[in-house]
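S.K.: Once you know that position 15 of the sequence shown is 28 in our numbering, the rest is easy, because the numbers rise by one and skip nothing. Glycine included, each C-beta is placed from N, C-alpha and C at the ideal position. Quick caveat, the model's predicted, so the values are computed rather than measured.
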Amino acid sequence: MKLARALALATLGCALLVPVTASVAQSASLPNRATTTDTTGDIVFVRVAGDQVLPGGAAKKRTMGDIRTVQVTHTKTAIRVFIKYVELNRVGVDHFHVVQFRTPTRSYEVDLYATTRAWRGDPALYTASGSSPRCTLAWKLDYDLNTALISVPRSCVGNPTWIRAGAGMSNTYGDKRYADDGLTAQPAGRTLTLGPRLYS
Ligand SMILES: [Ca+2]
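1. Go ahead and pull the three-state DSSP assignment for residue 168.
2. Which residue's Cα is closest to the Cα of residue 143: 119, 150, 156?
3. Which whole-angstrom value is the C-beta distance of residue 115 and residue 207, which I expect to be below 8 Å?
4. Alpha carbon to alpha carbon, how far is residue 43 from residue 113?
5. Does the Cβ of residue 96 lie closer than 6 Å to at least one heavy atom of ligand 1?
6. Give a yes or no on whether 7 Å exceeds the smallest Cβ distance from residue 192 to chain C.
7. What is the rounded straight-line gap between the Cα of residue 94 and the Cα of residue 107?
8. Closest by CA to residue 111, which one among 48, 158, 135?
9. Answer yes or no: do residue 195 and residue 180 have a C-beta to C-beta separation smaller than 7 Å?
10. If we count Cβ pairs, one from each stretch, closer than 8 Å, do we get three or more for the segment 63-78 versus the segment 143-158?
11. Does the Cβ-Cβ distance between residue 87 and residue 164 come in under 7 Å?
12. For the segment 127-141 against the segment 57-77, do three or more pairs of beta-carbon atoms, one drawn from each stretch, fall closer than 8 Å, so that the two count as touching?
13. Given 6 Å as the limit, tell me if residue 51 has its C-beta closer than that to any heavy atom belonging to ligand 1.
14. Between the beta-carbon of residue 92 and the beta-carbon of residue 83, is there less than 7 Å?
15. Which one or two residues does DSSP pair with residue 65 in a beta bridge?
16. Using the three-state DSSP reduction, which class does residue 213 fall into: helix, strand or coil?
17. Let me confirm a value: residue 100 is counted as buried when at least 16 other C-beta atoms fall within 10 Å, else exposed. Which label applies?
Here's what the structure looks like:
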């Protein structure tokens, strides 16, 4: 899966990150959930020719893989990321549903990879250095409801006091690789936009 991760990240050209306005559910005192409504029609693409990645542009009319909302919940037991797409279909060569999050001490990425004849998907957790901690992840891809759910046990990532998380999607169709950062209308970058601190 290291190759898969490299592909997922290579997709997302250069970053232009801006702060995002999120609606934060304020429970007792510290928030444990944030829901971000992403701009639709904000997918960008690059052209892929063998090992070469060539410039692309905006794909304003593409709905497949366009993120509509990202909800992140930090519970006592898990970091749960729920992504709603405008459309999520079993088309193309590969789909990478990518979650990146930061704890007080480390950065992590989950790549949920789905492909032809394996649309149920296969998730993997990585640290920023590329190592893969032993962890049993929960996930669900729903192609009728156009949703992706990824859940990471807190115990796999050191039971952090807070996390900041973001989500993105990249997928290949023909010679084009499309990408969307779920927390900004700016072009998706290698590093995804993260939401506010959420406490368990
Ligand atoms: Ca979007």
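M.R.: So, from the listed chains and residues:
1. DSSP places residue 168 in helix when its eight states are reduced to three.
2. When only C-alpha atoms are compared, the closest one is 119.
3. The pair is a contact, with the Cβ atoms about 6 Å apart (cut-off 8 Å).
4. Roughly 21 Å between the two C-alpha positions.
5. Flag unset: Cβ of residue 96 not near ligand 1.
6. The question asks about chain C, but that chain is absent: this structure has only one protein chain.
7. Just so you know, the alpha carbons of residue 94 and residue 107 end up roughly 20 Å apart.
8. Among 48, 158, 135, the Cα nearest to that of residue 111 belongs to 135.
9. It is a contact, given that the beta carbons lie within the stated cut-off.
10. No: the two stretches stay apart, fewer than three of their Cβ pairs being nearer than 8 Å.
11. No, Cβ-Cβ distance for residue 87 and residue 164 is not below 7 Å.
12. With fewer than three CB-CB distances shorter than 8 Å, the segment 127-141 does not count as touching the segment 57-77.
13. For residue 51, the shortest C-beta to heavy atom distance toward ligand 1 is below 6 Å.
14. In this structure, residue 83 does not lie closer than 7 Å to residue 92 by Cβ.
15. Answer by DSSP bridge pairing, in chain order: 62.
16. Coil.
17. Label assigned to residue 100: exposed.
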